[in-house]
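> Dropping the structure in here first, questions after.
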Amino acid sequence: MAQLLVEGGNRLVGRVPISGSKNAVLPILAASLLTDEECRLKNVPRIEDVTIMMRLLEGMGVRIEWIDGQQLHVDTSGLARSDVLAALASKMRASFLLMGPMLARRGEARVAKPGGDDIGMRRVEQHIVGLRLMGAHVELKNGEYIARADRLRGATIHNAAREPHVVDLAMFLGRMGARIRGIGTDVLQIEGVSELSGATHRVIPDNIEAGTYAIAIAATGGEAVLEQAEPADLRALILKLRSAGVEVEDDGHSLWVQGRTRLHAVDVTTWPHPGFPTDLQAPFVALMTQANGHCVVSEAVFENRFQHVPELRKLGADIYVEGRSAMVSGPTRLHGSLVRVPDIRSGAALVVAALCAEGTTVLDNVFHLDRGYQDIEAKLQGLGAHITRVEKAERDHEPDLSKVVGD
Numbered sequence: 297m298a299q300l301l302v303e304g305g306n307r308l309v310g311r312v313p314i315s316g317s318k319n320a321v322l323p324i325l326a327a328s329l330l331t332d333e334e335c336r337l338k339n340v341p342r343i344e345d346v347t348i349m350m351r352l353l354e355g356m357g358v359r360i361e362w363i364d365g366q367q368l369h370v371d372t373s374g375l376a377r378s379d380v381l382a383a384l385a386s387k388m389r390a391s392f393l394l395m396g397p398m399l400a401r402r403g404e405a406r407v408a409k410p411g412g413d414d415i416g417m418r419r420v421e422q423h424i425v426g427l428r429l430m431g432a433h434v435e436l437k438n439g440e441y442i443a444r445a446d447r448l449r450g451a452t453i454h455n456a457a458r459e460p461h462v463v464d465l466a467m468f469l470g471r472m473g474a475r476i477r478g479i480g481t482d483v484l485q486i487e488g489v490s491e492l493s494g495a496t497h498r499v500i501p502d503n504i505e506a507g508t509y510a511i512a513i514a515a516t517g518g519e520a521v522l523e524q525a526e527p528a529d530l531r532a533l534i535l536k537l538r539s540a541g542v543e544v545e546d547d548g549h550s551l552w553v554q555g556r557t558r559l560h561a562v563d564v565t566t567w568p569h570p571g572f573p574t575d576l577q578a579p580f581v582a583l584m585t586q587a588n589g590h591c592v593v594s595e596a597v598f599e600n601r602f603q604h605v606p607e608l609r610k611l612g613a614d615i616y617v618e619g620r621s622a623m624v625s626g627p628t629r630l631h632g633s634l635v636r637v638p639d640i641r642s643g644a645a646l647v648v649a650a651l652c653a654e655g656t657t658v659l660d661n662v663f664h665l666d667r668g669y670q671d672i673e674a675k676l677q678g679l680g681a682h683i684t685r686v687e688k689a690e691r692d693h694e695p696d697l698s699k700v701v702g703d
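All letters in the sequence shown, in the order written, are residues 297 to 703 by our numbering.
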């Protein structure tokens with residue numbers, strides 16, 4: 297099991313490239329099952345969740361391989377199974393995205409109850425209701441969802457999510473020949489077609505990764521450029537950063553961020569796009585520990601998304617949770633300690649806090665970070681951070697925490 301050792305106190309300075317979107321590429325990979333022709337995906341992030349999805353697809357007879365560092369070639373012509381390997385499905389909630397495409401392709405789908413981060417009641421009922429409305433019969437039997445349909449019907453989706461990754465999925469489907477009207481709005485009209493073809497598609501930049509680095513740069517009082525980013529997908533965060541006293545400039549496909557020695561506390565409530573992203577709530581809480589004053593960070597999307605707070609408190613953060621809100625007081629002098637990463641975005645928050653802390657922080661259970669962030673230590677090292685990955689089995693002794701202030 298890997299750990300990250302972070303020595304805090306260094307400003308992040310330089311340039312950092314933003315990888316492809318995790319939240320976009322997973323449903324796009326699932327959607328590739330809708331055709332028996334080849335698909336080519338560009339700007340694919342090299343993260344653990346992509347690796348798991350690749351293994352799921354390979355287990356179903358799909359040929360999928362890396363062409364180069366960021367491109368995937370997907371050949372689904374050999375699809376031989378209509379069930380998803382339970383052992384892998386239990387690791388990632390996105391495995392449930394395979395049900396619809398398999399049902400459309402083979403008339404039957406079997407998917408084990410999905411896993412993933414435990415951040416609240418992310419039920420799959422909405423998926424099931426949608427499939428039933430399109431003509432499928434779905435039941436839960438022995439921990440497995442089983443769906444069957446002779447033929448699915450087209451549909452109109454009301455109150456559709458408008459997140460960038462949803463738009464990117466719709467664009468990929470359009471390249472395959474799907475007829476979708478209203479892309480980017482909350483009403484999607486989908487007209488069924490007889491078949492879909494293969495397509496080449498470039499995955500959008502990861503707005504959550506970009507937002508995480510912007511927050512880390514601001515928290516350390518650094519100055520850096522986020523390359524290959526889409527500032528238009530980060531409007532809500534940019535507004536909050538500017539309100540906190542951070543300088544942010546949009547250069548079309550890059551973002552310049554400069555932190556300040558004195559930050560202002562800012563209230564935030566997460567909301568579906570174009571509101572403040574729930575995936576950036578945890579890193580923003582870490583940023584607010586370095587801001588002057590008191591603020592309230594409220595979570596309106598998930599009801600159990602403050603698992604980072606107990607770990608941040610181990611570093612000295614002054615935070616308490618009341619209901620679905622975190623009350624943050626700052627600025628706080630954080631100190632290094634041993635913390636455990638409970639989920640992907642909590643891990644990002646702990647990295648941000650560790651970069652600001654005095655001494656060395658050890659992050660345990662960093663597999664979660666690898667699920668969502670490509671080469672996180674290399675990218676941070678490129679910005680001047682002192683961060684090292686170690687394997688527990690390779691260490692003869694515990695890391696030197698002599699510089700840690702406090703317990």
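In this text, a Cβ means the ideal position worked out from N, Cα and C, and glycines have one as well.
Determine the closest residue to Gly473 out of Glu459, Pro460, Glu491 and Ala587, with distance taken between C-alpha atoms.
If we check each option's Cα against that of Gly473, Glu491 comes out closest.
> Determine, using beta carbons only, whether Asp345 and Thr372 come nearer to each other than 9 Å.
Going by C-beta atoms, Asp345 is not nearer than 9 Å to Thr372.
> From Ser493 to Ala390, what distance separates their C-alpha atoms?
The straight-line gap from Cα to Cα measures roughly 23 Å.
> Going by DSSP, name the residue or residues bridged to Met623.
BP columns for Met623 point to Val592 and Tyr616.
> Among Val309, Tyr509, Leu651 and Arg609, which has the Cα closest to the Cα of Leu679?
Selected option, being the one with the closest Cα: Val309.
> My output table needs one value for Arg401: the three-state DSSP class, helix, strand or coil.
Helix.
> Buried or exposed for Asp482, going by 16 or more other Cβ atoms inside 10 Å?
Looking at its Cβ environment, which holds fewer than 16 other Cβ atoms inside 10 Å, Asp482 is exposed.
> If we ignore side chains and look at the alpha-carbon of each, how far apart do Thr508 and Pro313 end up?
Using only the alpha carbons, I get a separation of about 12 Å.
> Identify the continuous beta strand (DSSP E) that holds Arg498 and give its terminal residues.
Arg498 -> beta strand (DSSP E) spans Thr496 to Arg498.
> Can you name the start and end residues of the alpha helix (DSSP H) that Tyr509 belongs to?
Note, Tyr509: alpha helix (DSSP H), Asn503 to Ala515.
> In three-state DSSP terms, what is Thr628?
Thr628: coil per DSSP, three-state reduction.
> Is the Cβ-Cβ distance between Gly612 and Ala653 less than 9 Å?
Yes. Within cutoff.
> For Arg311, count neighbouring Cβ atoms within 10 angstroms of its own Cβ and tell me buried if that reaches 16, exposed if not.
Exposed, since its Cβ has fewer than 16 Cβ neighbours within 10 Å.
> In whole angstroms, what separates the C-alpha of Glu599 from that of Asn588?
In a straight line, the C-alpha of Glu599 is about 27 Å away from that of Asn588.
> Drop a sphere of 10 angstroms on the beta-carbon of Tyr669, count the other beta-carbons inside from all chains shown, and report buried for 16 or more, exposed for fewer.
Classification of Tyr669: buried, given that the 10 Å Cβ count is 16 or more.
> For Met388 versus Ala443, is the C-beta spacing smaller than 9 Å?
No.
> If you follow the beta strand (DSSP E) that Ala443 is in, where does it begin and where does it stop?
Note, Ala443: beta strand (DSSP E), Glu440 to Arg444.
> To which residues does DSSP link Gly316 through a beta bridge?
In the DSSP output, where bridge partners are listed per residue, Gly316 has Pro501.
> Would DSSP call Ser642 helix, strand or coil?
Ser642 falls in the helix class under three-state DSSP.
> Among Gln577, Ala405, Ala515 and Phe602, whose alpha-carbon lies nearest the alpha-carbon of Thr628?
Selected option, being the one with the closest Cα: Ala515.
> Applying the criterion that 16 or more other CB atoms from any shown protein chain within 10 Å of the CB defines a buried residue, is Tyr616 buried or exposed?
That one is exposed.
> List the residues that DSSP assigns as beta-bridge partners of Gly571.
DSSP lists no partner for Gly571.
> Apply the 10 Å Cβ neighbour rule to Asp529 and answer buried if 16 or more other Cβ atoms are within range, or exposed otherwise.
Label assigned to Asp529: buried.
> At the level of alpha carbons, what is the spacing between Val637 and Val542?
Approximately 27 Å between the Cα atoms of the pair.
> Bridge partners for Thr452 per DSSP, in chain order?
For Thr452, which the question treats as bridged, DSSP gives the partners Gln485.
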